[in-house]
């Protein structure tokens with residue numbers, strides 16, 4: 001226990017935090033950016049979490065999310081979208097390892113903390129996390145291998161993934177995640193990774209081509225150990241239009 | 001200024017509130033449930049707001065939203081969906097009338113408050129608001145006549161409306177808002193009210209019928225002063241299915 005509150009010059013708000021779920025894609029699978037928030041006395045195991053921390057009273061929520069992500073992982077300049085607030089009264093105090101950690105780091109470890117969660121999806125190789133602040137390490141974990149996280153972070157991760165799944169039903173995805181020239185198989189793989197299930201290839205091709213966001217480059221892959229596939233790029237104008245309007249399938 | 005904090009037995013969290021945007025539909029237009037949060041000394045004009053208040057430290061956010069809505073307006077048993085958190089550091093302190101009001105009612109009027117917003121859409125005549133707690137009055141205001149609200153509530157209202165517009169692009173709407181037997185014109189009107197624009201009638205009919213959520217009752221309106229229209233009801237099974245899955249137009 002701390003007799004004196006640990007506060008920076010700017011006041012940390014003891015009741016509100018932000019958490020960032022950053023998904024990464026490397027053409028093969030989906031990853032999540034995790035930090036090891038550090039051992040605490042008597043708890044030797046690592047304590048994996050998504051990057052998050054209390055907000056300053058002078059910053060808005062979006063600013064707080066960007067700052068916290070940068071402080072803990074060095075990652076910046078990515079678009080973070082708010083998922084919503086998580087406010088179970090016991091969300092951070094259920095596990096003893098969480099309580100010990102809070103006591104070791106927070107000025108008011110008993111305070112109730114509501115967190116506002118954000119998410120993003122980035123091209124993984126472009127972002128090399130570097131741990132700092134209370135993060136002992138930071139790195140990309142394959143989503144399929146994550147089964148437990150600090151606090152309610154696993155629940156927040158699930159919620160972020162649901163949001164991402166909903167989003168790709170009404171907006172195109174892939175720009176900035178694939179090479180400039182890509183194959184339909186690569187795009188197909190991205191959708192399969194996000195949705196977490198196999199998608200019929202023929203149906204996928206038909207549907208994605210119907211969106212009119214792809215330009216057939218009339219050229220094929222070079223130097224691949226299999227029959228080279230047709231290369232495509234995104235039609236930026238149409239992609240942008242659908243991103244703004246959504247697929248708008250119902251047509252209003 | 002208050003020398004002694006006004007607190008109930010349960011502790012109010014000074015930094016987190018909930019706000020509820022309740023849309024009502026009466027077959028003709030869209031309304032919003034507003035309260036007059038009361039005059040404060042030197043401010044004679046009424047102070048319209050959406051129902052909202054600080055949360056208790058013992059309740060989760062959904063519970064807080066339901067409690068606050070009931071306390072201020074008597075309205076209960078409606079499904080509230082979270083929109084997200086609003087956390088501009090100056091969101092409640094910009095206007096002098098807001099600051100005066102906070103001083104008159106809050107134990108810590110200077111505290112920064114992040115709010116978590118919720119929304120719902122209900123059949124208006126079924127819900128008669130009754131003001132209580134600090135609400136001096138509560139009632140339905142036509143959305144087209146609202147142009148200013150307390151704090152950042154106008155911004156929250158706009159955000160809720162955007163959410164509602166996005167929702168009706170991917171999920172059916174109308175159940176519990178229309179009579180059991182309704183005409184396509186009535187459903188058309190509902191969509192126009194939410195989207196705030198005219199929709200081509202013929203296109204609307206074609207699209208809504210394509211969703212396969214309507215059953216043609218093979219009967220017509222009785223006792224109307226115009227040519228009676230065909231009556232429909234929702235096919236509950238298909239409606240439910242699309243509500244869960246979304247229109248899923250991209251087909252995954």
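Chains as they are written, first to last, in our numbering: chain A, 1 to 252; chain B, 1 to 252. Ideal placement from N, C-alpha and C gives every residue a C-beta, glycine not left out.
Buried or exposed, going by whether 16 or more other CB atoms sit within 10 Å of the CB of residue i?
i                     : result
residue 8 (chain A)   : Note that residue 8 (chain A) scores 45 on pLDDT, short of 50, meaning its location in the model is unreliable; the coordinates nonetheless yield the value given after this. Result: exposed.
residue 152 (chain B) : buried
residue 1 (chain A)   : In this predicted model, residue 1 (chain A) has a pLDDT of only 39, less than 50, meaning its place in the structure is not dependable; the value taken from the coordinates is given anyway. Exposed is the call here.
residue 84 (chain A)  : buried
residue 15 (chain B)  : buried
residue 5 (chain A)   : Any reading at residue 5 (chain A) must be qualified, since the residue scores a pLDDT of 47, below 50, and its modelled position is unreliable; the value itself is stated next. Counting Cβ neighbours within 10 Å, residue 5 (chain A) comes out exposed, since fewer than 16 surround it.
residue 213 (chain B) : buried
residue 79 (chain B)  : exposed
residue 210 (chain B) : exposed
residue 244 (chain A) : exposed
residue 3 (chain A)   : Confidence in residue 3 (chain A) is poor, its pLDDT being 42 and thus under 50, which makes the residue's placement too unreliable to answer from.
residue 236 (chain B) : exposed
residue 66 (chain B)  : buried
residue 58 (chain A)  : exposed
residue 35 (chain A)  : buried
residue 254 (chain A) : Missing from the structure shown is residue 254 (chain A); chain A here goes from 1 to 252 and no further.
residue 160 (chain A) : buried
residue 200 (chain A) : exposed
residue 217 (chain B) : exposed
residue 64 (chain B)  : buried
Interface residues of chain A around residue i at Cβ under 7 Å?
i                     : result
residue 112 (chain B) : 13, 57
Relative to the C-alpha of residue i, which residue among the options is closest?
i                     : options                    : result
residue 186 (chain B) : B:11, B:29, B:21, B:22     : B:29
residue 164 (chain B) : B:102, B:104, B:118, B:127 : B:118
residue 124 (chain A) : A:235, A:22, A:229         : A:22
residue 247 (chain A) : A:176, A:168, A:189        : A:168
residue 12 (chain A)  : B:26, B:100, B:112         : B:112
residue 207 (chain A) : A:194, A:188, A:196        : A:188
residue 47 (chain A)  : A:100, A:31, A:63          : A:100
residue 82 (chain A)  : A:63, A:116, A:76          : A:116
residue 183 (chain A) : A:63, A:114, A:222, A:154  : A:222
residue 76 (chain A)  : A:218, A:147, A:202, A:126 : A:126
residue 193 (chain A) : A:55, A:174, A:203         : A:174
residue 114 (chain A) : B:177, B:20, B:54, B:204   : B:54
Along chain A, in chain order, which residues have C-beta atoms closer than 9 Å to that of residue i?
i                     : result
residue 186 (chain B) : Near residue 186 (chain B) there are no residues of chain A at all, since even the closest Cβ is about 17 Å away, more than 9 Å.
residue 238 (chain B) : Here the premise fails: no neighbours, minimum Cβ distance about 15 Å.
residue 246 (chain B) : 166, 169, 170
Could you tell me whether the Cβ atoms of residue i and residue j are closer together than 8 Å?
i                     : j                     : result
residue 72 (chain B)  : residue 18 (chain B)  : no
residue 138 (chain A) : residue 129 (chain A) : yes
residue 239 (chain B) : residue 179 (chain B) : no
residue 134 (chain A) : residue 105 (chain A) : yes
residue 68 (chain A)  : residue 89 (chain A)  : no
residue 49 (chain A)  : residue 121 (chain A) : no
residue 230 (chain B) : residue 220 (chain B) : yes
residue 190 (chain B) : residue 86 (chain B)  : no
residue 197 (chain A) : residue 233 (chain A) : no
residue 74 (chain A)  : residue 132 (chain A) : yes
residue 195 (chain B) : residue 32 (chain B)  : no
residue 259 (chain B) : residue 56 (chain B)  : There is no way to answer for residue 259 (chain B), as the model of chain B reaches only from 1 to 252.
Return the first residue and the last residue of the beta strand (DSSP E) that residue i is part of.
i                     : result
residue 62 (chain B)  : Where residue 62 (chain B) is concerned, there is no enclosing beta strand (DSSP E), although the alpha helix (DSSP H) it sits in stretches over 61-73.
residue 259 (chain B) : The requested residue 259 (chain B) is not part of the displayed model; chain B covers only 1 to 252.
residue 117 (chain A) : 114-123
residue 233 (chain B) : 230-234
residue 204 (chain B) : From DSSP, residue 204 (chain B) is part of no beta strand (DSSP E) but of the alpha helix (DSSP H) over 201-210.
residue 55 (chain B)  : 52-56
residue 82 (chain B)  : 81-86
residue 160 (chain B) : Counting along the chain, residue 160 (chain B) falls outside any beta strand (DSSP E), though it belongs to the alpha helix (DSSP H) covering 153-170.
residue 271 (chain A) : The question about residue 271 (chain A) has no answer, for chain A in this structure spans 1 to 252.
residue 219 (chain B) : 214-220
residue 142 (chain B) : 137-142
Mind pulling the chain A residues with CB within less than 8 Å of residue i?
i                     : result
residue 16 (chain B)  : 15, 16, 87, 114
residue 82 (chain B)  : 84, 85
residue 235 (chain B) : None at all; the shortest Cβ gap to chain A is about 17 Å.
residue 214 (chain B) : What residue 214 (chain B) touches in chain A: nothing, since even the nearest Cβ is about 14 Å away.
List the residues of chain B that residue i touches, going by C-beta distances under 7 Å, in chain order.
i                     : result
residue 143 (chain A) : The contacting residues do not exist; residue 143 (chain A) stays about 18 Å from chain B at best.
residue 60 (chain A)  : 87, 88, 89
Assuming residue i is part of the alpha helix (DSSP H), what are its boundary residues?
i                     : result
residue 97 (chain B)  : 96-105
residue 194 (chain A) : 184-195
Can you list the residues of chain B that residue i reaches, using a CB-CB cut of under 8 Å?
i                     : result
residue 178 (chain A) : Residues of chain B passing the Cβ test: none, with the nearest at roughly 18 Å.
residue 157 (chain A) : The contacting residues do not exist; residue 157 (chain A) stays about 17 Å from chain B at best.
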